[in-house]
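Protein chains: 2
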Amino acid sequence: MAVTIYDVARYAGVGIGTVSRAMNNSPRIKPETKARIQKAIRELKYRPHALARGLALQKTGLVAILLPVFTGYFYIELLKAIQQEISQHDYDLVLYSITRSDRTGPCLRRILEERRVDGVLVLSLQIPDAVVQLFRRSGLPVVLADGMHEKLDSFFVENEQGAFEAASYLIAMGHSRIGMIDARLSSPPAHSRLIGFRRALAAHHIQWDPGRLVISDTVSEKDGFNREAGYEAMKHLLALKNNRPTGVFISSDIQAAGAVQAVREAGLGIPDDMAIVGFDDIELAEYLGLTTMHQPLSEMGGMAVRRLIERIENPDLPVLRRGFDTRLVVRQSCGGNRTGASQSLNGARS
Amino acid sequence: MAVTIYDVARYAGVGIGTVSRAMNNSPRIKPETKARIQKAIRELKYRPHALARGLALQKTGLVAILLPVFTGYFYIELLKAIQQEISQHDYDLVLYSITRSDRTGPCLRRILEERRVDGVLVLSLQIPDAVVQLFRRSGLPVVLADGMHEKLDSFFVENEQGAFEAASYLIAMGHSRIGMIDARLSSPPAHSRLIGFRRALAAHHIQWDPGRLVISDTVSEKDGFNREAGYEAMKHLLALKNNRPTGVFISSDIQAAGAVQAVREAGLGIPDDMAIVGFDDIELAEYLGLTTMHQPLSEMGGMAVRRLIERIENPDLPVLRRGFDTRLVVRQSCGGNRTGASQSLNGARS
DNA sequence: TTGAAAGCGCTAACAA
DNA sequence: TTGTTAGCGCTTTCAA
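Protein sequence lines, in the order shown, are assigned to chains A and B. Convert by adding 469 to the 1-based position in the first sequence; the result is the number in the working numbering. Convert by adding 469 to the 1-based position in the second sequence; the result is the number in the working numbering.
Written out as structure tokens, the structure reads:
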């Protein structure tokens, strides 16, 4: 069997209580016995059993992270930042990936009831109000990243403002027939981006033609933020013929990648026949030469973690809400800048 | 406080032992009391405290997963497959990401001593022999994916054979001045790929020119498998002037992406001036039109998980070793197939 | 400053 | 078939 606190106590010739005190640097211990115990610990290579300690302390050293089944760089980058920050605080992450959004509630309930973690980080998912209540009553801290709830610490991207800037950029580049490809509006980011987009058009007195909005979920089998959806959605826009937009704001880079392909296959050029602004600034965007809105994911992830730790240590903190500004990254897909290294938008020279 | 087994017992008018039996479907319980208890459990929304249960059972329901700080699709895809499979077996994953390879041993030691998990999945990392011994003695199961150790269940990609086929393809496409860009050879996959590559040249009686091998670590600050390294490495090859290769095998797609960029910037065309075969078949490869070796990552991840579960349930299984074959995916970067959708290799039409 | 003992919430052996 | 109790390995009173 593994070495326990009893082994250490016997080895050092003290009681287990004293060993415990030596480890949790209690002041109520004589320095020399403490030293003797530490020596014993080292020699026996003792380390407390995490479960036993957790049970006694009502504290596990684990944090749950809930995210939509992750595909794409968005969650990678967020996860990377989160993992890095959390390990600096001596916590470990337990991964819960959600395949269907209606599993969010049940999964959180389970996490709450099992009491295996000291806190929960929720990415992008919406939490049912009933579950939020449950958590508040239980005192198990929850922090949202890329999400927003009135009663929970929330860290989010300023999607509306980002979309506003994206659309404004298209307008500044001289476009007036402007379309948008979005995902299902039940997704808060998708919804906000549409609002921001329309606000930009309105601000510049540009007529809004609902026919130029395609919700990519409606044209694809899978839901929303993926390449196929973007591909199909762009086909719809292209089918508008003479009435088709000359510039399109697309609510994610991954959809934009599909859209780029659709434009190419139609024998059209980017940005000449169709200008595109994406959203996310995933690594792929660089390769595609996609002009897009960058999201400060690692800052957001880092802050979310720090807040969660704070709240674990002090549950009575007021609810914090913090938005992160996006930033326009100009590449080639709108013709704004042709000097970049990546120039792969228009297909082979063949 | 949360509801405990005592609450359930009192509510149902039985002892806690009976409640425990009702939950762990012991045969030694009368069906009707069992039903009454289950009703109580439902009404009180009781669920056992994971730590307490784990402490009593010496079983946590958690599995550790160790991986190099994950960037890129390789680990995403593997992780996705693993997460999916493990949740089907009612385990959860604890994430340990390793930033420096010399932290692998200490991290595993900690995992072992803390006894927080029932098993460990190690991706791509090499485990010091001393640590392997420790695990074997302790009985905590370890399974390797994308790695190999004589004494541990190992699931790995047939890197050498894959590299052999990649190089053979270049040869079949008519190249005879063939180069390779690899990562530090201390990485087993990188090493195997070099072996396979050289074996292919030898098999076709092609002269091996060591000047056409670039270890990308030596030309880049970061280590090995990344875009910058590939970019710099390709610059080295291009600098060989007339002696430069006409075809290059690159040990990862992400390096290949950098290499593609270097070729482009030199004003050269792919595949006409430089043919490229990558390795990994990450999503990016499709966008780049990169011909590459596909790795069956989700199969490998799934099998690794199933084996780990098996071994948790039965520690005395013999060591299992299983290789997974790669598969050549022909796109445009070698000129083998120009009918694909993506044709972005040669830059803008400008 | 220290040791002994209770308790964290559960399972399983032992009695009844 | 059930209730009682002794651990699982730790922390933290409470006495000494």
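Heads up, the beta-carbon is just placed ideally off N, CA and C, and yes, glycines get one too.
Proximity winner among B:A728, B:T760 and B:M743, relative to N712 (chain B) (alpha-carbon distances): Mapped onto the second sequence, residue 712 (chain B) falls at position 243. Considering only alpha carbons, the answer is B:M743.
Mind pulling the chain A residues with CB within less than 7 Å of Y822 (chain B)? Residue 822 (chain B) lies beyond the stretch modelled for chain B, which goes from 470 to 819, so this question has no answer here.
Beta carbon proximity, R516 (chain A) to chain B, threshold 7 Å: For the purposes of this step, residue 516 (chain A) is taken as the residue at position 47 of the first sequence. Yes, because at least one Cβ of chain B sits closer than 7 Å to the Cβ of R516 (chain A).
Taking the beta carbon of S623 (chain A) as the centre, do at least 16 other beta carbons fall within 10 Å, making it buried, or is it exposed? The residue labelled residue 623 (chain A) in the question sits at position 154 within the first sequence. Buried: at least 16 other Cβ atoms inside 10 Å.
Straight-line CA distance for E619 (chain B) to L562 (chain B)? Locating residue 619 (chain B) in the second sequence gives position 150, counting from the first residue. Locating residue 562 (chain B) in the second sequence gives position 93, counting from the first residue. Near 25 Å, if we compare the C-alpha coordinates of L562 (chain B) and E619 (chain B).
Please name the residue, chosen from A:A735, A:L786, A:L737 and A:D749, that lies closest to Q724 (chain A) on a Cα-to-Cα basis. The sequence position of residue 724 (chain A) within the first sequence is 255, counting from 1. It is A:D749.
Along the region 516 to 530 of chain A, what residues have a CB closer than 7 Å to any CB found in chain B? Of all residues in the region 516 to 530 of chain A, R516, H518, A519, L520, A521, G523, L524 and T529 have a Cβ within less than 7 Å of some Cβ in chain B.
Partner residues on chain A for V563 (chain B), Cβ-Cβ distance less than 9 Å: Here residue 563 (chain B) corresponds to residue number 94 of the second sequence, with the count starting at 1. What V563 (chain B) touches in chain A: L531, D561, L562, V563 and L564.
Rounded straight-line distance, which links the Cα of F718 (chain A) to that of S685 (chain A): Residue numbering aside, residue 685 (chain A) sits at position 216 when the first sequence is read from its first letter. Residue numbering aside, residue 718 (chain A) sits at position 249 when the first sequence is read from its first letter. In this structure, the straight-line span from the alpha carbon of S685 (chain A) to that of F718 (chain A) is close to 13 Å.
Decide if Q676 (chain A) is buried, meaning its Cβ has at least 16 other Cβ atoms within 10 Å, or exposed. By one-based count along the first sequence, residue 676 (chain A) stands at place 207. Its Cβ having fewer than 16 others within 10 Å, Q676 (chain A) is exposed.
Extent of the continuous alpha helix (DSSP H) to which P517 (chain A) belongs: Stepping through the first sequence from its first residue, residue 517 (chain A) is reached at position 48. Premise fails: P517 (chain A) is in no alpha helix (DSSP H) and is neither H nor E.
Are there 16 or more other CB atoms within 10 angstroms of the CB of E554 (chain B), so buried, or fewer, so exposed? Here residue 554 (chain B) is taken as the residue at index 85 of the second sequence, counted from 1. Buried, since its Cβ has 16 or more Cβ neighbours within 10 Å.
Does the beta carbon of S489 (chain A) sit closer than 7 Å to a beta carbon anywhere in chain B? Taking the first sequence and counting its residues from 1, the one referred to as residue 489 (chain A) is at position 20. No, S489 (chain A) does not count as interfacial toward chain B.
Closer than 8 Å, Cβ to any Cβ of chain B: which residues of the region 570 to 586 of chain A, in chain order? R579, E582, E583, R584 and R585
Runs of 4 residues minimum, wholly inside the region 766 to 792 of chain B: which ones carry the alpha helix (DSSP H) assignment? 766 to 782
With a 10 Å radius around its C-beta and 16 neighbouring C-beta atoms as the bar for buried, classify A525 (chain A) as buried or exposed. Counting from 1 along the first sequence, the entry for residue 525 (chain A) is found at position 56. Under this definition A525 (chain A) is an exposed residue.
Taking the alpha-carbon of F604 (chain B) as reference, which of B:P784, B:D678 and B:T473 has the nearest alpha-carbon? Position 135 of the second sequence, counted from the start, is the residue given in the question as residue 604 (chain B). For the residues B:P784, B:D678 and B:T473, the minimum Cα distance to F604 (chain B) belongs to B:P784.
Identity of the residue in B:F694, B:D559, B:P740 and B:H705 nearest R800 (chain B) by Cα: The residue labelled residue 800 (chain B) in the question sits at position 331 within the second sequence. Comparing Cα positions, the closest option is B:P740.
Using a Cβ cut-off of 8 Å, pull out every chain B residue sitting near T471 (chain A), in sequence order please. As a working mapping, residue 471 (chain A) is identified with position 2 in the first sequence. At residue 471 (chain A) the sequence reads Ala, which differs from the Thr that was named. Those within 8 Å of A471 (chain A) in chain B are E582, R584 and S607.
Is there a Cβ of chain B sitting closer than 7 Å to that of I545 (chain A), yes or no? Position 76 of the first sequence, counted from the first residue, corresponds to residue 545 (chain A). It does; some Cβ of chain B falls within 7 Å.
Give me whichever residues DSSP pairs with Y565 (chain A) in a beta bridge. Taking the first residue of the first sequence as 1, we reach residue 565 (chain A) at position 96. In DSSP, Y565 (chain A) forms a bridge with A:L535.
Own chain, CB closer than 6 Å to A702 (chain B), minus 5 neighbours either side, in chain order: The residue labelled residue 702 (chain B) in the question sits at position 233 within the second sequence. So the list reads I650, V683, S685 and V688, once near-sequence residues are dropped.
Determine, using beta carbons only, whether I778 (chain B) and P610 (chain B) come nearer to each other than 7 Å. Indexing the second sequence from 1 puts residue 778 (chain B) at position 309. Indexing the second sequence from 1 puts residue 610 (chain B) at position 141. Not in contact: I778 (chain B) and P610 (chain B) (Cβ atoms no closer than 7 Å).
Note down the Cα distance separating R497 (chain A) from R505 (chain A), rounded to an integer number of angstroms. Here residue 497 (chain A) is taken as the residue at index 28 of the first sequence, counted from 1. Here residue 505 (chain A) is taken as the residue at index 36 of the first sequence, counted from 1. Rounded to whole angstroms, R497 (chain A) to R505 (chain A) spans 15 Å at the Cα level.
When the distance is taken between beta carbons, is R696 (chain A) closer than 7 Å to G820 (chain A)? In this structure chain A extends from 470 to 819, so residue 820 (chain A) is not present and cannot be described.
Please check if any C-beta of chain A sits within less than 7 Å of the C-beta of Q552 (chain B). Indexing the second sequence from 1 puts residue 552 (chain B) at position 83. Taking Cβ atoms only, chain A reaches closer than 7 Å to Q552 (chain B), which makes this a yes.
Give me the chain A residues within the contact set of A726 (chain B), using Cβ-Cβ distance strictly less than 8 Å, ordered along the chain. On the second sequence, position 257 is the one that residue 726 (chain B) refers to. Correct list: Y756.
List, in chain order, every chain A residue whose beta-carbon is nearer than 8 Å to that of L422 (chain B). This structure gives no information on residue 422 (chain B), because the portion of chain B shown stretches from 470 to 819.
DSSP state of H558 (chain A) mapped onto helix, strand, coil: Here residue 558 (chain A) refers to the residue found at position 89 of the first sequence. Three-state result, H558 (chain A): coil.
First through last residue of the beta strand (DSSP E) which encompasses V717 (chain A): Against the first sequence, residue 717 (chain A) aligns to sequence position 248. Counting along the chain, the beta strand (DSSP E) containing V717 (chain A) begins and ends at G716 to I719.
Using 10 angstroms around the beta-carbon of N628 (chain B), count the other beta-carbons present and answer buried if the total reaches 16, otherwise exposed. If you number the second sequence from 1, residue 628 (chain B) lands on position 159. Buried: at least 16 other Cβ atoms inside 10 Å.
Indicate whether A519 (chain B) and V589 (chain B) have their beta-carbon atoms separated by less than 7 Å. Here residue 519 (chain B) refers to the residue found at position 50 when the second sequence is read from its first residue. Here residue 589 (chain B) refers to the residue found at position 120 when the second sequence is read from its first residue. Contact: no.
Would you call A754 (chain A) buried or exposed, if buried means 16 or more other Cβ atoms sit within 10 Å of its Cβ? If you number the first sequence from 1, residue 754 (chain A) lands on position 285. Buried, by the Cβ-count rule.
For H763 (chain B) versus R791 (chain B), is the C-beta spacing smaller than 7 Å? Translated into the one-based positions of the second sequence, residue 763 (chain B) becomes position 294. Translated into the one-based positions of the second sequence, residue 791 (chain B) becomes position 322. Their beta carbons are not under 7 Å apart, which means H763 (chain B) does not touch R791 (chain B) by this criterion.
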